[in-house]
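One point on numbering: in full-length UniProt numbering, the residue at position 163 of the first sequence is 163, and numbering is uninterrupted. Note that the Cβ used here is the ideal one computed from N, Cα and C, for glycine as well. Some notes on the structure that comes next.
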Amino acid sequence: MYALVDGNNFYVSCERVFRPSLNGRPVVVLSNNDGCAIARSNEAKALGIKMGAPWFQIRHMEETHGLVALSANFTLYGDMSNRMMSLAAGLGPSQEIYSIDESFIGLQGMRGDLTTRSHAIRARIHQWAGIPCGIGIGHTKTLAKLANHIAKTAERKPGSYPAELAQVCNLTALPAQDLDDVLASTLVEEVWGVGRKIGAQLHQCGVHTVLDLARLDPAMVRRRWSVVLERTVRELQGMQCIELDDAPEPKREIACTRSFGQAVTELPPLVEAVSEFASRAAEKLRKQGSLASQLLVFCHTSPFRPGPRFNKSVVVPLRRPTADTGKLVWAAAAGMRRVYEPGYKMAKAGVMLLDLMPGNVLQGELDLEDEDHRDRTQLMVALDALNQRYGKGTVHSGATGGSNKGKDWGMKQERRTPQYTTRWEDVPVARA
DNA sequence: TCTGGGGTCCTAGGACCC
DNA sequence: TCTGGGGTCCTAGGACCC
Numbered sequence: 001m002y003a004l005v006d007g008n009n010f011y012v013s014c015e016r017v018f019r020p021s022l023n024g025r026p027v028v029v030l031s032n033n034d035g036c037a038i039a040r041s042n043e044a045k046a047l048g049i050k051m052g053a054p055w056f057q058i059r060h061m062e063e064t065h066g067l068v069a070l071s072a073n074f075t076l077y078g079d080m081s082n083r084m085m086s087l088a089a090g091l092g093p094s095q096e097i098y099s100i101d102e103s104f105i106g107l108q109g110m111r112g113d114l115t116t117r118s119h120a121i122r123a124r125i126h127q128w129a130g131i132p133c134g135i136g137i138g139h140t141k142t143l144a145k146l147a148n149h150i151a152k153t154a155e156r157k158p159g160s161y162p163a164e165l166a167q168v169c170n171l172t173a174l175p176a177q178d179l180d181d182v183l184a185s186t187l188v189e190e191v192w193g194v195g196r197k198i199g200a201q202l203h204q205c206g207v208h209t210v211l212d213l214a215r216l217d218p219a220m221v222r223r224r225w226s227v228v229l230e231r232t233v234r235e236l237q238g239m240q241c242i243e244l245d246d247a248p249e250p251k252r253e254i255a256c257t258r259s260f261g262q263a264v265t266e267l268p269p270l271v272e273a274v275s276e277f278a279s280r281a282a283e284k285l286r287k288q289g290s291l292a293s294q295l296l297v298f299c300h301t302s303p304f305r306p307g308p309r310f311n312k313s314v315v316v317p318l319r320r321p322t323a324d325t326g327k328l329v330w331a332a333a334a335g336m337r338r339v340y341e342p343g344y345k346m347a348k349a350g351v352m353l354l355d356l357m358p359g360n361v362l363q364g365e366l367d368l369e370d371e372d373h374r375d376r377t378q379l380m381v382a383l384d385a386l387n388q389r390y391g392k393g394t395v396h397s398g399a400t401g402g403s404n405k406g407k408d409w410g411m412k413q414e415r416r417t418p419q420y421t422t423r424w425e426d427v428p429v430a431r432a
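Written out as structure tokens, the structure reads:
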């Protein structure tokens, strides 16, 4: 049995802890470069503001509806998250931190009334961390997720579900008929693992509610869709297919990408940008104790704007797996010089570290013939510690070309490796 | 004018080998 | 020489998550 503890409107709730005057008002938190809304208060949701809505499309509500917009402060949210997570951990014997605002709690072996206990934990998180939460309980992670959705919706939209399910929804304590009623009044796309595409396909097949989905034959679902959706169906039926992952593996790839506030056409600022990205990515890489074997660099024009399109990337092989900022920055800069073509308004660029393997920077590189290398890697570990303690950008390795503090890079969507990736050897050198 | 930034898993198909 | 089956590895792309 699992619980899912999830902070409501998390970024907005974090801001409200320090600015109580925002309570009761429509508030959004905006992404990098104030591009679009990545968190919305209940009041903002009630205004019809969608997740990811571009700021320029909703800003008129500042005047018409008193909408308040805040620039994101991710350092603050990370701090608040840590507090919330350690309090949530009190609910059961194991915990998987799933995202900045959500954690699954394993409830195996717990005695007593879990609903009452959850209400108590919820009150404690609100009182000590200042964050309002919803808690959902189910026999599987998928059901716990669904329960959490019901707990939050019942609170936000009275009448949508029985009032006693608000804030804490324990599906395992519901009589069978009540459970069916709840599942029948929830649409399939609310299920964890069902997105827009598959949701639409399900509706076409007459599968509209979660109850409809839960009653499908798993074997048929596997044939018609995939093993992934089959697993979801089984989980809805109460069979555990997804385990609690309380000791996650290190990341298999690490990315740092940004959209630019204003389009960039020249090579030097692009090289500077990806150098900074590589430096950030190298920090993440060392933090998880990995080395990278390949580095991918890309840049592209805006998909939203007219004009000539450009979208290219290159994979730069690294001679040896490394976590050395200097080497990664060099590779990123070299890669950008290769992909760059003049005459385009670049909207976004990024760096991805690929083909990661475990390896301590120091121990992993001791056998290098490079004499300075050991000293440099030791220095980098020291710099990482300082930056972590005193904030990003406190000190830089000389290789990264100095501070980019205050630079405003914007944002845009990029989910997968760019399409036109070429091999390093096949790319002609750009004219600089 | 102005439109996130990260990640994961699964599958299909090609290359290569025996 | 010709033909074929089967396994493995890799990559690209689709779908999903927050």
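Requested in this report: With a 10 Å radius around its C-beta and 16 neighbouring C-beta atoms as the bar for buried, classify D217 as buried or exposed.
Outcome: Sequence index remark: in the first sequence, residue 217 carries index 217 (1-based). Exposed: under 16 other Cβ atoms inside 10 Å.
Query raised in the report: At a cut of 8 Å, does the region 206–225 reach the region 243–259 through at least three beta carbon pairs?
Result: no
Requested in this report: Could you have a look at V17 and say whether DSSP puts it in helix, strand or coil?
Outcome: Position 17 of the first sequence holds residue 17. Of the three classes helix, strand and coil, the one that applies to V17 here is helix, per DSSP.
**Report entry** Short Cβ contact (9 Å threshold) for I135 with S13
**Finding:** Taking the first residue of the first sequence as 1, we reach residue 135 at position 135. Taking the first residue of the first sequence as 1, we reach residue 13 at position 13. Result no, Cβ atoms of I135 and S13 do not sit closer than 9 Å.
Query raised in the report: Between S71 and D34, which are expected to be in contact by the criterion C-beta below 8 Å, what is the C-beta distance as a whole number of angstroms?
Result: Here residue 71 refers to the residue found at position 71 when the first sequence is read from its first residue. Here residue 34 refers to the residue found at position 34 when the first sequence is read from its first residue. Contact holds; Cβ gap of about 6 Å.
Query raised in the report: Which residues in the same chain have their Cβ closer than 6 Å to the Cβ of E283, if we skip the five residues on either side of it in sequence?
Result: Here residue 283 refers to the residue found at position 283 when the first sequence is read from its first residue. The residues are D384.
**Report entry** Alpha-carbon spacing of R111 relative to E276, whole angstroms
**Finding:** Residue numbering aside, residue 111 sits at position 111 when the first sequence is read from its first letter. Residue numbering aside, residue 276 sits at position 276 when the first sequence is read from its first letter. Distance between the alpha carbons of R111 and E276: 51 Å.
**Report entry** Through-space distance from A333 to G199, alpha-carbon basis
**Finding:** In the first sequence, residue 199 corresponds to position 199, counting from 1. In the first sequence, residue 333 corresponds to position 333, counting from 1. Straight-line Cα distance between these residues: approximately 42 Å.
Query - Which listed residue (L183, S21, I38 and S31) has its alpha carbon closest to that of N9 - result: Counting from one through the first sequence, the residue named residue 9 turns up at place 9. Closest option to N9, Cα to Cα, is I38.
**Report entry** Enclosing beta strand (DSSP E) for A349 [first to last residue]
**Finding:** For this step, residue 349 is matched to residue 349 along the first sequence. Following the DSSP letters along the chain, one finds A349 inside the beta strand (DSSP E) bounded by residues M346 to P358.
**Report entry** L4 vs I100 beta-carbon contact at 9 Å
**Finding:** As a first step, residue 4 must be located in the first sequence, where it is residue number 4. As a first step, residue 100 must be located in the first sequence, where it is residue number 100. At least 9 Å separates the beta-carbon of L4 from that of I100.
Query raised in the report: Where E266 and K251 are concerned, what is the direct C-alpha to C-alpha distance, given to the nearest angstrom?
Result: As a position in the first sequence, residue 266 is number 266, starting the count at 1. As a position in the first sequence, residue 251 is number 251, starting the count at 1. Approximately 33 Å, taken between the alpha carbons.
Query raised in the report: Ordered along the chain, which non-local residues of its own chain (more than five positions away) have a Cβ less than 8 Å from that of A46?
Result: Translated into positions along the first sequence, residue 46 becomes position 46. Only P26 meet the Cβ criterion.
Requested in this report: Evaluate contact between the region 15–30 and the region 150–160, counting only Cβ atoms and requiring at least three cross-stretch pairs below 8 Å.
Outcome: Touching, no, given that fewer than three Cβ pairs across the two stretches are closer than 8 Å.
Report task. Could I get the ranges of all uninterrupted beta strand (DSSP E) runs contained in the region 99–177, with 3 residues as the minimum, in chain order? Result -> 102–106, 133–138 and 168–170
Query raised in the report: Considering only C-alpha positions, which residue in the set R320, Q237, S279 and M239 is nearest to T257?
Result: To locate residue 257, count along the first sequence from 1; it is residue 257. Measuring from the Cα of T257, the nearest candidate turns out to be S279.
**Report entry** Cutoff 6 Å; reference I254; Cβ partners in own chain excluding five residues on either side
**Finding:** Numbered from its first residue, the first sequence carries residue 254 at position 254. The answer, listed in chain order, is A281, K284, L285 and L353.
Requested in this report: Look at the Cβ atom of E190, then the Cβ atom of L146, and state whether they are nearer than 9 Å.
Outcome: Here residue 190 refers to the residue found at position 190 when the first sequence is read from its first residue. Here residue 146 refers to the residue found at position 146 when the first sequence is read from its first residue. Against a cut-off of 9 Å, the Cβ pair of L146 and E190 comes out as a contact.
Query - Where I242 falls: helix, strand or coil (DSSP) - result: Counted from its first residue, the first sequence places residue 242 at position 242. When DSSP states are grouped into helix, strand and coil, I242 belongs to the coil group.
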